[in-house]
Amino acid sequence: MPIAATDASTSGGKVLIYVQHLLGTGHLKRGALLARALADAGLRVELVSGGMPVPHLPYPVYQLPPVRCAVDDFSALIDETGKTVSDTWRSHRRECLLDRLVTFQPDVLILETFPFGRRQMRFELIPLLRTARNARRRPLIVSSVRDVLQKRRPQRVAEAVSLLNEHFDKVLVHGDPAFIAFEESFPMANEIQDKIIYTGYIADHDATERLPGTDGREEVLVSAGGGAVSLRLIMIALEARPLSKLRTLRWRFLIGPGLPKQEWQTIKAHVHGDVVVEAARADFPTLLRRCAVSVSQGGYNTVVDLWRAGARAVIVPFAGGGETEQEFRARRLHQKGYALTLDEAGLAPPVLAQAIDRAANMMPSTETIDLEGAKNSAQHIVDALASGLGC
Numbered sequence: 141m142p143i144a145a146t147d148a149s150t151s152g153g154k155v156l157i158y159v160q161h162l163l164g165t166g167h168l169k170r171g172a173l174l175a176r177a178l179a180d181a182g183l184r185v186e187l188v189s190g191g192m193p194v195p196h197l198p199y200p201v202y203q204l205p206p207v208r209c210a211v212d213d214f215s216a217l218i219d220e221t222g223k224t225v226s227d228t229w230r231s232h233r234r235e236c237l238l239d240r241l242v243t244f245q246p247d248v249l250i251l252e253t254f255p256f257g258r259r260q261m262r263f264e265l266i267p268l269l270r271t272a273r274n275a276r277r278r279p280l281i282v283s284s285v286r287d288v289l290q291k292r293r294p295q296r297v298a299e300a301v302s303l304l305n306e307h308f309d310k311v312l313v314h315g316d317p318a319f320i321a322f323e324e325s326f327p328m329a330n331e332i333q334d335k336i337i338y339t340g341y342i343a344d345h346d347a348t349e350r351l352p353g354t355d356g357r358e359e360v361l362v363s364a365g366g367g368a369v370s371l372r373l374i375m376i377a378l379e380a381r382p383l384s385k386l387r388t389l390r391w392r393f394l395i396g397p398g399l400p401k402q403e404w405q406t407i408k409a410h411v412h413g414d415v416v417v418e419a420a421r422a423d424f425p426t427l428l429r430r431c432a433v434s435v436s437q438g439g440y441n442t443v444v445d446l447w448r449a450g451a452r453a454v455i456v457p458f459a460g461g462g463e464t465e466q467e468f469r470a471r472r473l474h475q476k477g478y479a480l481t482l483d484e485a486g487l488a489p490p491v492l493a494q495a496i497d498r499a500a501n502m503m504p505s506t507e508t509i510d511l512e513g514a515k516n517s518a519q520h521i522v523d524a525l526a527s528g529l530g531c
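Residue numbers 141 to 531, in our numbering, belong to the letters of the sequence shown in order.
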């Protein structure tokens with residue numbers, strides 16, 4: 141399926157962004173913020189999502205047949221009905237994705253995470269890359285990746301480098317090397333140094349103080365991102381409340397869309413006193429600015445929101461399924477004085493209560509972090525299109 145030639149100089153440039161979130165929702169939120177920044181810069185943008193639908197996004201998505209992974213097996217792909225995907229499903233999904241590429245005819249193709257992750261999606265991404273590379277007017281091909289990568293075996297790291305050298309022009313690293321350098325979690329970064337561009341962290345600067353009333357003010361705010369793996373943290377926080385010096389405050393629990401309905405019922409059955417349990421809110425950044433203490437996992441978007449809010453925070457990084465990314469980031473946050481960090485494996489109500497009490501009296505670090513990742517990324521793409529060169 142060849143892609144027809146397009147003229148970026150007259151069209152303003154077209155960008156196709158592919159995002160596949162499998163467990164949490166942070167990847168898609170980051171992709172949506174990037175898409176909005178590119179659109180604000182005058183580009184036509186299509187954001188293609190392959191994960192389960194997510195509410196409150198800052199940019200609309202083109203939804204592929206959705207897929208997620210099993211919480212206890214990250215390699216198993218499950219469709220929206222809960223069934224393991226078949227070869228027929230994969231073929232249909234691949235055709236849907238290739239059709240978007242051919243129909244939209246982008247000047248820039250951005251793949252979020254791949255090839256540093258999302259190996260499960262090679263069945264559609266390798267054909268996508270080959271189709272793009274063989275186009276009559278080949279688009280710029282860019283990998284968009286967060287600050288910290290999951291720890292991989294050496295052969296997997298070498299495979300990523302090989303794919304980058306074969307298919308990709310540039311790598312947009314959405315982080316600040318003054319906080320975490322990319323080579324700290326990707327040991328072969330020197331092999332692709334000419335492709336790497338640090339953009340700063342992607343933050344939602346439009347999340348302003350627009351919330352009426354007093355929700356969040358002097359509350360203990362407990363959240364866990366997309367929610368799929370949040371039940372244990374939430375239950376321990378509920379048990380920690382009567383043990384904390386902040387027990388007289390209102391405690392607000394925000395539940396992500398990934399938490400199963402039966403687990404919602406489990407949580408509500410244990411709620412007593414001045415406790416609010418509700419769905420995750422679009423005004424989460426405002427609640428953070430108002431709260432006494434935040435308790436959360438250590439995902440990318442949550443950490444960026446904490447920085448913007450200057451919130452006192454306790455972070456319990458998710459470490460299930462061999463995940464290392466949140467733990468790595470959380471350790472650095474603790475070392476630099478941005479937050480208190482607790483180990484998920486040793487978490488217990490008294491431990492969490494003590495940490496919440498300590499966090500209430502801390503003064504978070506005011507060291508400057510680059511939070512202009514969306515704007516900077518958009519400028520790199522605009523400059524690349526204007527020059528006709530790589531980013």
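Ideal Cβ placement from N, Cα and C applies to all residues, glycine included.
Spatial neighbours of residue i within its chain, please: CB distance less than 8 Å, with the 5 preceding and 5 following residues excluded, ordered by chain position.
i: residue 232; result: 205
i: residue 323; result: 329 and 330
i: residue 187; result: 157, 159, 171, 172, 175, 199, 200, 201 and 202
i: residue 469; result: 287, 288, 320, 438, 440, 443 and 457
i: residue 179; result: 185 and 199
i: residue 408; result: 417
i: residue 261; result: 160, 190 and 254
Helix, strand or coil: how does DSSP classify residue i here?
i: residue 202; result: strand
i: residue 219; result: strand
i: residue 325; result: coil
i: residue 527; result: helix
i: residue 284; result: strand
i: residue 160; result: coil
i: residue 385; result: coil
i: residue 434; result: strand
i: residue 224; result: strand
i: residue 363; result: strand
i: residue 515; result: helix
i: residue 418; result: strand
i: residue 395; result: strand
i: residue 411; result: coil
i: residue 487; result: coil
i: residue 378; result: helix
i: residue 480; result: strand
i: residue 214; result: strand
i: residue 335; result: helix
Along the chain, where does the alpha helix (DSSP H) containing residue i start, and where does it finish?
i: residue 401; result: 401-408
i: residue 208; result: No alpha helix (DSSP H) contains residue 208, which is instead part of the beta strand (DSSP E) from 207-210.
i: residue 189; result: Here residue 189 belongs to no alpha helix (DSSP H); instead the beta strand (DSSP E) covers 184-189.
i: residue 310; result: From DSSP, residue 310 is part of no alpha helix (DSSP H) but of the beta strand (DSSP E) over 310-314.
i: residue 170; result: 166-180
i: residue 342; result: First-last for residue 342: undefined, no H or E at that position.
i: residue 306; result: 294-307
i: residue 442; result: 440-449
i: residue 260; result: Taken as a continuous stretch (DSSP letters only), residue 260 belongs to no alpha helix (DSSP H), as it is neither H nor E.
i: residue 468; result: 465-475
For residue i, which residues from the same chain have a beta carbon less than 6 Å from its beta carbon, with the 5 sequence-adjacent residues on both sides left out?
i: residue 303; result: 255
i: residue 145; result: Note that residue 145 scores 36 on pLDDT, short of 50, meaning its location in the model is unreliable and no value can be drawn from it.
i: residue 392; result: 359, 361 and 416
i: residue 284; result: 250, 252 and 312
i: residue 430; result: 356 and 357
i: residue 597; result: Lying outside 141 to 531, the shown extent of the chain, residue 597 is not represented and no answer is given.
i: residue 404; result: none
i: residue 154; result: 184, 246 and 247
Start and end of the beta strand (DSSP E) containing residue i?
i: residue 453; result: 453-455
i: residue 197; result: Premise fails: residue 197 is in no beta strand (DSSP E) and is neither H nor E.
Could you name the residues of the same chain whose beta carbon sits closer than 7 Å to that of residue i, not counting the 5 residues immediately before and after it, in chain order?
i: residue 177; result: 514, 515, 517 and 518
i: residue 331; result: 301
i: residue 379; result: 489
i: residue 484; result: 456, 457, 458 and 459
i: residue 503; result: none
i: residue 383; result: 489, 490 and 493
i: residue 498; result: 480
i: residue 147; result: Residue confidence for residue 147 is low, a pLDDT of 43 falling below 50, so the modelled location carries little weight and cannot support an answer.
i: residue 501; result: none
Measure the beta-carbon distance from residue i to residue j and round it to whole angstroms, keeping in mind my assumption that it falls under 8 Å.
i: residue 326; j: residue 265; result: So it is not a contact: roughly 19 Å between Cβ atoms.
i: residue 396; j: residue 432; result: Not really, about 22 Å apart at Cβ, beyond 8 Å.
i: residue 394; j: residue 371; result: So it is not a contact: roughly 14 Å between Cβ atoms.
i: residue 437; j: residue 417; result: Their Cβ separation, rounded to whole angstroms, is 17 Å, which puts residue 437 and residue 417 out of contact at 8 Å.
i: residue 509; j: residue 316; result: 5 Å
i: residue 512; j: residue 476; result: Between residue 476 and residue 512 the Cβ distance is about 19 Å, and since that is not below 8 Å, they are no contact.
i: residue 496; j: residue 435; result: 7 Å
*Curious, which full-length beta strand (DSSP E) runs of at least 3 residues does the segment 230-255 contain?*
248-252
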